Amino acid sequence: MRLRALLETDALGLRLLGGEEELDRTVRGVMTTDLRDPSRYLSGGELVLTGLAWRREPEDSERFVRILAEAQVAGLAAGEAELGSVPEDLVLACARHRLPLFSVVEDVAFASITEYVVRRVSGERAGDLAAVVDRHRRLMTSGPAGGGPEVVLDLLASDLDLPAWVLSATGRRIAVPTVAASGGPAAAGPGGAGAVGSGGAPELSAAVRARLAGEHLAAQRSGRRGPHRVTAADGATYSLFPIRSSGQGPAGSGDVRETVLSDWLLVVGADAGDWPEERLDLLHGVTQLIAVERDRRDAARTVRRRLAQEVLELVQSGAPPAEVAARLRVAAPVLLPGLGTAPHWQVVVARVEWEGGTPPAPGGPVSQSLLEEMLVDPEATGPEPSDRIAVAHTGDEAVALVPLPAPADGPAAAPAGGAPSGARGATGGDTDAGGGAAERAYGFEAGIHADALLAAVREPLSRGLDGDGRLTLGVSATVQSAEGLRGALEEARHARRVAAARPGRVCAAGHQELASHVLLLPFVPDDVRRAFTARLLDPLRDYDRRHRAELIPTLEAFLDCDGSWTRCAARLHLHVNTLRYRVGRIEQLTGRDLARLEDKVDFFLALRMS
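Every letter in the sequence shown is one number past the one before it in this note's numbering, and letter 561, counting from 1, is 643.
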């Protein structure tokens, strides 16, 4: 289609601000972005839609427009919602680079323009996919009950004979076709990459999904343009098309290291290497339609994230357990609708860290997005199971509250398969006679297991983090009430620190791996902790403040050296007699004897709890 066709439809709310002489440019696609540098995602010929969130000062307009012009985009459409009107510096920059510029009125959604452009491009270039796009558009706009990614996959299979799947960055099946194409890898045979499900639609094995997701992440990290072609072990060839959200990325970061970890991908069971440009363009249009649905579903996580954030802030601030319990009672029906009894809870902590170079935005948001995805059972299909997980973030850390239905009569009431009869696992998937998929993956009765969680995501995420990134995970034990939630949080954080001490790009540790005193300390009530540490350490702190005697550091070093006078004196660079004087002063101020094991243990615990 030509750019001038955009002005022929009043419903799009577009007004031309400059570049009238360039309106005969051909539009080959559409991209929505607020990244400061979107060049990595541009292939030329796009209509770029932007909300102007990248603009912080007038000079930013020249840089942004220059990037678009060098990428040979067809035109730029700027929304008026952010600034009220399109700034003059952007108009002038577009004029200098001969880039057509449109303004978009506030009450017109970018999704409407995207669907219009994709429909027109499809209609003009290939009538077969035009029907696919148009039918899918109508179904998607009717709401989740009438559309979604599954619909477009079925249309690709039935109308174009293309088997296709939508996967997450960890290789989980977001959407699968319900009808089978007559060709492609679906004919490969049972049990492998081309196994056929009970509904006649092709399936991908867990190993193939992990391989494809890993190849996708590696290709994106290297900056290669899609589609990416991958040949599986059985010889079947797949083409991978990135599915991007609105371009905001976690926390609005433009760092590809972070945004790529939350992308979906469209897997097509065909070799796109010899496809004509028209068909490639149309498949990119299909990914844009799926991205609209993804953005809508991402927005639905807002309520669960807010609930998790409120609970996390209460727990970290030391709020009374009754107040935390009240907030959890609000969260439980949202996460486990229809549950008659209060759930048990488990805490999972995640942290993404990057090495070297310019540091990206704080890792909490990308850790949050990853954790929301990882805690869904890898065998569960669709995004809905993630509705049962609430994830908050603080700084560089994400914290998940995972509700687990409490067995009616204790663990003995659970059937042999692992889950209470008729229950639905917090990690998604209905139970069956042999135990549901979630139970098989994570072990339902005991909640989420760190080793199973690690096995499900390590292969693809290691590819996405390769070179300069690390993901570490910590998993708490299950707690039965609000009183135990703070201890579970501390336990998960300590387990994550244990995982961080291990080699590898993706590491996890669970509560089972913690030493006994570390396991017990988080569950000591706050008032007991404060009283215990104050009785032993406050006299030493007061003395240190008055005399700068460093009794607390001396006590820590003495215990770390197992009471060895010579090793402790060497560590502190003191004469042994000076060390004996300080230890004597500690004993005098506290009334304890550091030669006795019981007193050493008390001091050790007090330091750990302080």
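All residues carry an ideal CB built from backbone N, CA and C; glycine is no exception. Bear in mind that the values here come from a model prediction, so they are computed numbers and not experimental data.
A contact is defined here as three or more CB-CB pairs under 8 Å, and the region 368-386 fails this definition with respect to the region 576-596. Annotated three-state conformation of Ala538 is helix, per DSSP. 7 Å or more divides the Cβ of Ala295 from the Cβ of Gly351.
Around the beta carbon of Thr196, 16 or more other beta carbons lie within 10 angstroms, which makes this residue buried. For Gly556, the uninterrupted beta strand (DSSP E) run begins and ends at 551-557, by DSSP. Cα atoms of Leu124 and Arg433: separation of roughly 30 Å, rounded to the nearest angstrom. Uninterrupted alpha helix (DSSP H) stretches at least 4 residues long and entirely within the region 348-423 occur at 359-381, 384-398, 403-417, given in chain order. Residues Ile634 of the same chain have their beta carbon placed closer than 7 Å to that of Arg623, with the five preceding and five following residues left out of the count.
Here Val233 carries a helix assignment [DSSP, helix/strand/coil]. Within its own chain, the residues whose Cβ lies closer than 8 Å to the Cβ of Leu536, once the five positions on either side in sequence are excluded, are Leu555, Val588, Cys589, Ala590, listed in chain order.
Measuring C-alpha to C-alpha distances from Ala559 to each of Glu595, Ala289, Val233 identifies Glu595 as the nearest. In the same chain as Ala639, and ignoring 5 residues on each side of it, the C-beta atoms closer than 7 Å to its own belong to Cys650, Arg653, Leu654, in chain order.
Contact check for Gly308 and Pro324: beta-carbon distance about 5 Å, within the 8 Å limit, so the pair qualifies. Taking 7 Å as the cut-off, the beta carbon of Ser250 is found closer than this to the beta carbon of Trp346. The beta-bridge partner set that DSSP reports for Arg433 consists of Glu479, Thr554. Rounded to whole angstroms, the gap between the alpha carbons of Thr476 and Glu541 is 27 Å. Distances from the CA of Pro447 to each of Pro425, Ile471, Asp478 were compared; the closest alpha carbon is that of Asp478.
Taking the CA atoms as reference points, Leu98 sits about 12 Å from Cys176.
Annotation: the continuous beta strand (DSSP E) that includes Glu128 extends over 128-132. The three-state reading of DSSP puts Ala159 in strand, counting E and B together. Between the alpha carbons of Thr91 and Ala163 lies a gap of roughly 20 Å.
Arg667 and Val683 have their C-alpha atoms spaced approximately 18 Å apart. In this structure, the CA atom of Ala373 is about 20 Å from the CA atom of Asp119. At the C-beta level, Ala390 and Val473 come within 7 Å of one another. By alpha-carbon distance to Ala404, the top candidate from Phe146, Asp533, Leu567 is Leu567. Partner residues in the beta bridge of Trp247, as assigned by DSSP, are Val349. Here the C-alpha atom of Val557 lies approximately 10 Å from the C-alpha atom of Val484. For the set Ala301, Gln450, Leu571, the Cα lying nearest the Cα of Leu547 is the one of Ala301. DSSP places Ala314 outside both helix and strand once states are collapsed to three, so it counts as coil. If you check the CB distance, Leu94 and Pro182 do not come in under 7 Å. In this structure, Gly367 sits near Val200, with a CB-CB distance shorter than 7 Å.
DSSP places Ala135 in no beta strand (DSSP E); its state is neither H nor E.
Cβ atoms of Val168 and Val130 stay farther apart than 8 Å, at about 13 Å. CA-CA distance, Val173 to Ser185, rounds to 10 Å. Counting along the chain, no beta strand (DSSP E) covers Gly296; the unbroken alpha helix (DSSP H) around it starts and ends at 288-304. In this model, His531 and Ala688 are separated by some 30 Å (Cα to Cα).
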